[in-house]
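Undergrad: Structure incoming, see below.
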Amino acid sequence: MTNFAFGLGVGTKSSAGDWLEVYFNTPLLNAPDSLIKAVGDALGYEGGNQTFEIGESQLKALEAAFLSVDAEAQAEIVEVLEGTRQPLVVCILETDAEPQTTAEVYLKLSLLSHRLVKPHGINLTGMFGKLPNVAWTSEGAVALDELPKRQLAARAQGRVLDVHSVDKFPKMTNYVVPAGIRVGDAARIRLGAHVGEGTTVMHEGFINFNAGTLGVSMVEGRISAGVVVGNGSDLGGGCSTMGTLSGGNNVVISVGENCLLGANAGLGLPLGDRCTVEAGLYVTGSSKVTLLDDQNNEVRVVKAAELAGQPDLLFRRNSQNGRIEVKTNKSAIELNAELHKHN
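Here it is, written out as structure tokens:
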């Protein structure tokens, strides 16, 4: 029996019985066949991608199934959940097919934020249609059509129901805090972000879903949906990367290793290793750039897209004539180790 992913989750439903969100404490990628068989026997699983809504009464059977295959971490989750009145769900994904339920989407987003898969390493096709728009409040997820009554009920009790955001995605840190990171403002990192060990995200930094860093990085700018930043790269204050969802763009924007995007810079093409984009310069694939040799002589003019993925480049704007110039970048960008060693 093959298996792509497994998760035992606890979540929130609307009063109409629709799932709003699901928390997977310890999702599994490529769970052992023995675990899937044991759980499958307890739940009547016969293969394929299935979502099982279970009751509290079924937890004992699940605990026994986990213990029978020495899956103690999963059994410990069951122990904590015993007696809960919150809705429970088990997701068994035989393949990485397009998600069909809200729980499946949350399982896949959790795999990303738990660093079990990298951005673009999982099928999220059609996910937006499976995610409800939710009011994320001081009392958890609330269906939007139920929000006014919940707010009124809170006021009647002398409380304020604080609405943090209205979105399809919750913040990542309410679901997982990966080891070795620092985060200035947790609300700016969505569930489904991949935050590499050693990464620091400052207060104005932002990381979208299916995007993020692969190692040690300083993020003071925006990592848009689908953008991947290599180990050792810095994103300066206010800089931005063009997401794959923006303006019909279907090019996967990426930043190589040991790169620097200067403050308020912008990037709209894949950047190779050890590249620098100077502060305030926005470079897209269609930007006309002038190539310079080591004597600062003009070689030719090309579209920036022709330089996609090439290493050791410095993109700068000529302050006298305004043109974008590209030179070989001979100065290595090194992160300040002191900033990251205590993550």
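In this text, residue positions in the sequence shown follow the working numbering: the first is 31, and each later residue adds one.
Note that CB positions come from ideal geometry on N, CA and C, so glycine has one too.
1) Return helix, strand or coil for Asp175, following the three-state DSSP convention.
2) Quick check on Leu174: buried or exposed, where buried means 16 or more other Cβ atoms within 10 Å of its Cβ?
3) Along the chain, where does the beta strand (DSSP E) containing Lys318 start, and where does it finish?
4) First and last residue of the beta strand (DSSP E) that includes Ala16?
5) Taking the C-alpha atoms as reference points, what is the distance between Leu141 and Gly210?
6) If you draw a straight line from the alpha carbon of Gly256 to that of Ser44, how long is it in whole angstroms?
7) Quick check: the region 122–133 against the region 151–161, are at least 3 beta-carbon pairs closer than 8 Å?
8) Considering only the beta carbon of each residue, do Leu301 and Gly286 sit closer than 7 Å?
9) Do the region 184–203 and the region 58–65 make contact, defined as three or more Cβ pairs closer than 8 Å?
10) Do Gly242 and His224 have their C-beta atoms closer together than 7 Å?
11) Give me, in chain order, the residues of the same chain whose beta-carbon lies closer than 8 Å to that of Gly266; leave out the 5 immediate sequence neighbours on both sides.
12) I need the straight-line Cα distance from Ala217 to Met202, nearest angstrom please.
13) Using alpha carbons as the reference points, say which of Asn163, Met248, Phe239 and Leu244 lies closest to Met232.
14) Quick check: the region 347–361 against the region 316–331, are at least 3 beta-carbon pairs closer than 8 Å?
15) Please classify Arg220: is it buried, with 16 or more other beta-carbons within 10 angstroms of its beta-carbon, or exposed?
16) Determine the closest residue to Leu59 out of Val282, Leu146, Glu176 and Asn280, with distance taken between C-alpha atoms.
17) How many whole angstroms separate the CB atoms of Phe82 and Leu73, which I take to be in contact at a CB cut-off of 8 Å?
18) Tell whether a beta-carbon distance below 7 Å holds between Leu89 and Val108.
19) Helix, strand or coil for Lys138 per DSSP?
TA: In this structure, then:
1) helix
2) exposed
3) Lys318 to Leu322
4) Lying before the first or after the last residue shown, residue 16 is absent from the chain, which here runs from 31 to 373.
5) The straight-line gap from Cα to Cα measures roughly 17 Å.
6) 30 Å
7) Output reads yes: the region 122–133 touches the region 151–161.
8) yes
9) As far as the Cβ criterion goes, the region 184–203 does not touch the region 58–65, which means the pair count is below three.
10) Yes, Cβ-Cβ distance for Gly242 and His224 is below 7 Å.
11) Glu250, Gly251, Leu290, Leu291, Gly292, Ala293, Asn294, Ala295 and Ala309
12) 8 Å
13) Comparing Cα positions, the closest option is Met248.
14) yes
15) buried
16) Taking only the C-alpha atoms, the option nearest Leu59 is Leu146.
17) 5 Å
18) yes
19) helix
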